[in-house]
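S.K.: So the sequence shown is numbered by the numbering used here: it starts at 320 and just counts up by one.
Glycine included, every Cβ here is placed at the ideal spot set by N, Cα and C.
First the structure, which I've put down as structure tokens, then a few questions once you've had a look.
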Amino acid sequence: MTEAQKDLIREVLLFHADRPDGDRPSVVRLGVDRESASQVMRKVSSSDPEFSLHETHVLFAALSSTPIIIPSEEAFHERIGFFRENAFALAVGLANATGEAPGKGASPSGTA
320 MTEAQKDLIR EVLLFHADRP DGDRPSVVRL GVDRESASQV MRKVSSSDPE
370 FSLHETHVLF AALSSTPIII PSEEAFHERI GFFRENAFAL AVGLANATGE
420 APGKGASPSG TA
């Protein structure tokens, strides 16, 4: 994962963590509460992060839902620092990489 990809992921997770609407909407958007999303965000900062399948879902959900919540390209770029297409492309890349990873028949708690 490149530093730019990590930055994009951190920004979309931070966007979700900072939302004032509470944990229930976070669970709907990301599949986890805001504290769990923050834990994934901290993990992204490690030198060579490895994610469980569930954590990969959190990343995918954050990357794909943020451009929906911020539909304006300009507003998205101002808030996140990247273009919406970068978020969608990284989300697709994560999904593809997960499908190609060894042990893809592993349980949902396994690493991706």
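Look at the Cβ atom of Phe395, then the Cβ atom of Ala406, and state whether they are nearer than 9 Å.
M.R.: Start at 1 with the first residue of the sequence shown, and residue 395 comes out as number 76. Start at 1 with the first residue of the sequence shown, and residue 406 comes out as number 87. Contact flag set, yes.
S.K.: Between the Cα of Gln358 and the Cα atoms of Glu322, Thr375, Gln324, Glu419, which residue gives the shortest distance?
M.R.: One-based indexing of the sequence shown puts residue 358 at position 39. Cα-wise, what sits closest to Gln358 is Thr375.
S.K.: Helix or strand or just coil, what does DSSP make of Ile389?
M.R.: Against the sequence shown, residue 389 aligns to sequence position 70. Three-state result, Ile389: coil.
S.K.: Could you round the C-beta distance between Ala323 and Arg348 to whole angstroms and report it? I think they count as a contact, below 8 Å.
M.R.: Taking the sequence shown and counting its residues from 1, one reaches residue 323 at position 4. Taking the sequence shown and counting its residues from 1, one reaches residue 348 at position 29. Rounded, the Cβ-Cβ distance is 23 Å, inconsistent with contact.
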